[in-house]
Amino acid sequence: MPGAGAPSADLIHQAAQWAAMIDAGDVTESEMAACRAWCAADPQHQALLDRMLGFNDRMAAAPFEKAALHRLLHRRQRRPLLAGAAALPLLVAGIWAAWQVLPLHSLFADYRTAPGEQRVVDLADGSRLTLDTDGAIDVELGQKQRLVQLRQGQILAEVAPARDRPFIVETPEGTATALGTSFTVRREAGGTLVTVVESHVRVCASAPPAHVLPCRDIGPGESVHLSARMVTAPKRVDTARATLWTQGWLEVDDQEVADVLIELNRYRDQPIGFDPSALRGLRVTGSFPLTDTDQALQGLARTARLHVDRDTDGHVAVRPGNAAQKN
Amino acid sequence: MVEGAAAAVIGKLYTTHAHWLQDWLRLRTRCASRAADLTQDTFCRLLEQPRLPPLASPRGYLVTVARRLLIDDIRRREIERAIADICALQNGEADLLTPERIAEAAQFLDMVARLLDTLPEQARTAFLLRRVEGLSQQEVATALGISLATVKRHIALSYASCLSIMEGA
């Protein structure tokens with residue numbers, strides 16, 4: 000029965016043609032007129048077209064849904080198998096393939112974080128980057144390789160495996176290359192720190208002298224320091240602690256107070272002032288929230304027995320408290 | 000077929016094959032309670048059907064129905080998990096996510112996931128690039144190395160499939 004009930008396949012097909020044409024955004028006057036005439040011919044025509052185009056608006060205004068969709072595709076890639084659901088593995092493989100052929104140019108993107116800000120970036124290939132405070136990265140997902148240039152700060156990379164398409168984090172000092180793994184890269188004054196959480200990463204110096212091995216493969220729980228000239232021998236680290244910043248915590252185990260203050264200042268607009276020589280030898284252990292560095296400072300002051308001075312401009316400075324000086 | 004007779008046939012199917020089907024599902028879900036639920040759902044589906052086809056292979060038929068339910072179930076769980084992940088990431092702004100908003104998002108995503116499952120590979124990629132990544136049709140064409148006309152055809156197919164899914168739901 001035309002004009003009522005479910006639309007026929009033919010009608011859906013026609014509406015879809017118009018919708019795709021409008022979506023292309025290159026409609027001529029005469030095409031527009033033809034489309035209007037089609038819509039006017041039957042209220043069901045107009046209704047069908049509206050519903051189709053309504054989907055665009057729904058999708059465009061849905062950052063939450065898009066993020067969840069990325070996550071869904073990412074998860075399918077990670078844990079594809081549910082035994083027996085015969086149609087599924089194939090279908091999942093199809094979706095991987097879809098994401099792997101994602102094009103070059105749309106996937107250039109730069110991300111930045113302000114002091115105190117952390118940001119999770121879900122990449123189109125299913126990988127996820129967590130960018131720490133005051134950071135800057137450029138991302139370029141190519142057909143041959145996936146490249147993240149770490150300009151500043153620290154990232155956790157959770158890499159979606161992709162054969163023949165290595166995932167590389169680059170700093171001026173060198174590169175960390177992974178195929179399906181999770182690791183952090185951090186730029187510091189003296190070079191780059193690479194810590195592997197899962198699987199293996201190849202770390203290579205950018206300008207090694209002739210006699211030095213330029214690369215080193217490091218495994219889970221290992222951390223290396225990378226300078227342009229060399230990669231240091233791996234050190235064992237606690238990976239849970241190394242990635243704790245992604246949960247907004249700074250965990251400190253018997254470290255110099257001055258180093259902890261330097262770390263906290265990375266998360267602050269207004270740095271905490273201090274005299275390193277006055278604090279020398281003062282050590283501290285504890286967990287401090289990075290999401291609220293004022294609270295972190297209070298906690299630190301309590302634990303390390305520091306005195307906090309605030310002036311009227313909002314400047315904050317610390318010095319050793321009396322009790323600490325006596326110790 | 001008279002209704003009472005159909006119910007009797009299904010009752011017989013149940014006593015003969017329900018155990019077997021539940022084992023089949025347990026192997027695939029690795030979860031006894033999900034297998035039990037899906038077994039019940041499978042027989043409910045049979046009861047909802049206006050007319051039961053003649054069954055040459057009752058187990059084959061049951062498995063067909065059960066597999067479809069299993070795939071729906073897996074997809075829903077995947078979506079729930081993905082949403083939970085994103086909610087966890089947004090803990091600061093989680094207040095904006097009311098239960099209604101989340102339920103609505105889940106429903107929408109279920110539709111999109113089904114759409115992705117229906118589309119052939121290239122059309123699926125074109126759809127993702129256009130709708131999710133926000134490329135123009137021309138940019139999609141360049142990216143995939145195909146003509147603009149082909150992209151337009153893929154996009155039209157995605158609209159048509161999308162509507163068919165909404166109609167069917």
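So the protein sequences, as listed, match chains A and B.
Quick note: the first sequence uses numbering that gives the first Met the number 0, first residue 0, plus one each step.
Quick note: the second sequence uses numbering that gives the first Met the number 0, first residue 0, plus one each step.
Don't be surprised by glycine CBs; every beta carbon is placed ideally from N, CA and C.
**Span separating the alpha-carbon of residue 91 of chain A from that of residue 70 of chain A** = Note that residue 91 of chain A scores 34 on pLDDT, short of 50, meaning its location in the model is unreliable and no value can be drawn from it.
**Request:** Just mark residue 326 of chain A as buried or exposed, buried being the case when its beta carbon has 16 or more other beta carbons within 10 Å.
**Result:** Any reading at residue 326 of chain A must be qualified, since the residue scores a pLDDT of 39, below 50, and its modelled position is unreliable; no value is offered.
**Request:** Only counting runs of 4 or more residues, tell me where the alpha helix (DSSP H) segments fall wholly within the region 245-295 of chain A, in order along the chain.
**Result:** Those alpha helix (DSSP H) runs which fall completely within the region 245-295 of chain A and span 4+ residues are 256-264, 275-278.
**Request:** Whole angstroms is fine: what's the gap from residue 223 of chain A's alpha carbon to residue 98 of chain B's?
**Result:** 45 Å
**Prompt:** What is the DSSP secondary structure of residue 181 of chain A, counted as helix, strand or coil?
**Reply:** strand
**Message:** For residue 166 of chain B, count the other beta carbons within 10 Å of its own beta carbon; 16 or more makes it buried, fewer makes it exposed. Which is it?
**Reply:** exposed
**Item:** Coil, strand or helix - residue 168 of chain A by DSSP
**Value:** strand
**Beta-carbon gap between residue 171 of chain B and residue 11 of chain A smaller than 7 Å** = Look at the range of chain B in this structure, 0 to 168, and you will see that residue 171 of chain B is not part of it.
**Request:** Could you check what DSSP says for residue 131 of chain B in three-state terms: helix, strand or coil?
**Result:** helix
**Item:** Chain-ordered residues of the region 33-48 of chain A with a beta carbon less than 8 Å from chain B
**Value:** Against chain B - using a Cβ distance shorter than 8 Å - the residues of the region 33-48 of chain A are 47.
**Request:** Starting from the C-beta of residue 245 of chain A, find all residues in its chain whose C-beta is less than 6 Å away, skip the five residues before and the five after it, and write them out in chain order.
**Result:** 129, 155
**Asked** Of all Cβ atoms in chain A, is any one closer than 7 Å to the Cβ of residue 11 of chain B?
**Response** no
**Request:** Can you grab the Cα-Cα spacing for the pair residue 140 of chain B / residue 127 of chain A, in whole Å?
**Result:** 27 Å
**Local conformation of residue 8 of chain A per DSSP, three classes** = helix
**Prompt:** Name the chain B residues whose beta carbon is nearer than 8 Å to that of residue 65 of chain A?
**Reply:** What residue 65 of chain A touches in chain B: 131.
**Asked** Are the Cβ atoms of residue 148 of chain A and residue 169 of chain A separated by less than 7 Å?
**Response** yes
**For residue 93 of chain A, three-class secondary structure by DSSP** = With a pLDDT of only 34 at residue 93 of chain A, under the threshold of 50, the placement of this residue in the model should not be trusted, and no figure is reported.
**Prompt:** Taking residue 309 of chain A as the reference, which of A:273, A:21, A:285 has the closest Cα?
**Reply:** A:273
**Request:** Please classify residue 222 of chain A: does DSSP put it in a helix, a strand, or coil?
**Result:** strand
**Request:** Answer with yes or no whether the minimum CB distance from residue 22 of chain A to chain B is below 7 Å.
**Result:** True, the Cβ-Cβ gap to chain B drops below 7 Å.
**Asked** residue 235 of chain A and residue 220 of chain A: beta carbons closer than 7 Å?
**Response** In contact: residue 235 of chain A and residue 220 of chain A (Cβ atoms closer than 7 Å).
**Item:** Opposing strand residues paired with residue 216 of chain A [DSSP bridges]
**Value:** A:201
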